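Numbering (the numbering used here), first residue to last: 1017 to 1163. Glycine residues also receive a C-beta, built at the ideal position from the N, C-alpha and C atoms. None of the values given here were measured: they were computed from a predicted structure.
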């Protein structure tokens, strides 16, 4: 991986991504491949790849330009869980954009496709995480912290 470091274990995936445009592509590909190897359906692989793209692109866009982004993916209690650590203290905000808006729907996409998601502050930044329950990616309810 040209844009960072990757480690796989029996329990999951760990990436250290160097901030930049290649970080998003590297994260998306690594998570989708890991999910496939972990038994995710093709549909769930695509959902995991899309949600990873949204979270990592926000980390790169809003974080310091020279800071690394870390990603951990694992299976926990029958769900796929992805955690992204970045050096920005700015928290993601769920916006309901009007149809004519060009962007600003990333967190809304996460909210609709993840079975659960949230944010945890930590020293020097935050962790944004999401869960995808196999076969039940579309939950249709709003708000972080719901299982």
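With a floor of 4 residues, list each alpha helix (DSSP H) that falls wholly inside the region 1079-1149, ordered by position along the chain.
1122-1129
Indicate whether residue 1144 and residue 1100 have their beta-carbon atoms separated by less than 7 Å.
Start at 1 with the first residue of the chain shown, and residue 1144 comes out as number 128. Start at 1 with the first residue of the chain shown, and residue 1100 comes out as number 84. Cβ distance < 7 Å, so residue 1144 and residue 1100 count as in contact.
Note down, in chain order, each residue of its chain lying with its Cβ closer than 8 Å to the Cβ of residue 1057, except the 5 sequence neighbours on either side.
Here the question's residue 1057 lines up with position 41 in the chain shown. The answer, listed in chain order, is 1150 and 1151.
Limits of the unbroken alpha helix (DSSP H) element including residue 1028
Position 12 of the chain shown, counted from the first residue, corresponds to residue 1028. Counting along the chain, residue 1028 falls outside any alpha helix (DSSP H), though it belongs to the beta strand (DSSP E) covering 1028-1034.
Across which residues does DSSP place residue 1023 in a beta bridge pair?
Taking the chain shown and counting its residues from 1, the one referred to as residue 1023 is at position 7. According to DSSP, residue 1023 bridges with 1030.
What is the DSSP secondary structure of residue 1056, reduced to helix, strand or coil?
One-based indexing of the chain shown puts residue 1056 at position 40. Note: residue 1056 maps to coil in three-state DSSP.
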